[in-house]
Amino acid sequence: QPSTMSPTSGLLLVAITTVLSAQVLKECNDNQQCINQTITNSQISCAGFKSCANSGTLTSKDKRNGYITCSGYQSCKSKESISTNKNLNCNGGYSCDGVQSISTK
19 QPSTMSPTSG LLLVAITTVL SAQVLKECND NQQCINQTIT NSQISCAGFK
69 SCANSGTLTS KDKRNGYITC SGYQSCKSKE SISTNKNLNC NGGYSCDGVQ
119 SISTK
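Start counting the sequence shown at 19; every next residue gets the next number (my numbering).
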């Protein structure tokens with residue numbers, strides 16, 4: 019049986035999928051890209067030098083696939099808080115140094 023999906027609805031489906039997947043992962047890969055920001059997302063990746071550092075918070079509430087990764091040098095340094103229900107990786111040099119509060123549940 020031929021497909022009943024028009025070319026327009028296929029394009030809409032691609033757009034919706036792109037938006038939803040963009041909301042799952044917040045990437046801060048460049049130097050100081052997300053500095054001084056409060057970020058709440060399912061997955062957060064801070065890979066650049068001081069990419070997520072200083073004031074503000076990092077929060078992942080996703081209990082299944084959520085994570086926060088601080089892999090850049092000083093990437094999450096001196097945040098007010100980092101909170102996740104799943105995984106936290108501070109594997110960059112001094113990446114979580116000086117964080118006021120860290121919570122993993």
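Positions of the beta carbon are idealized from the N, C-alpha and C atoms, including for glycine.
Using a Cβ distance threshold of 8 Å, residue 76 and residue 53 do not count as a contacting pair. Listed in chain order, the non-local C-beta contacts of residue 88 below 6 Å within the same chain comprise 64, 94, 108, 110, 113 and 114, local neighbours out to five positions each way being set aside.
As the crow flies, the alpha-carbon of residue 104 is around 16 Å from that of residue 119. The alpha-carbon separation between residue 42 and residue 56 amounts to approximately 16 Å.
In terms of Cα proximity to residue 60, the closest of 85, 73 and 47 is 85.
In chain order, 65 and 66 place their CB closer than 6 Å to the CB of residue 47, counting only its own chain and leaving out the 5 sequence neighbours on each side.
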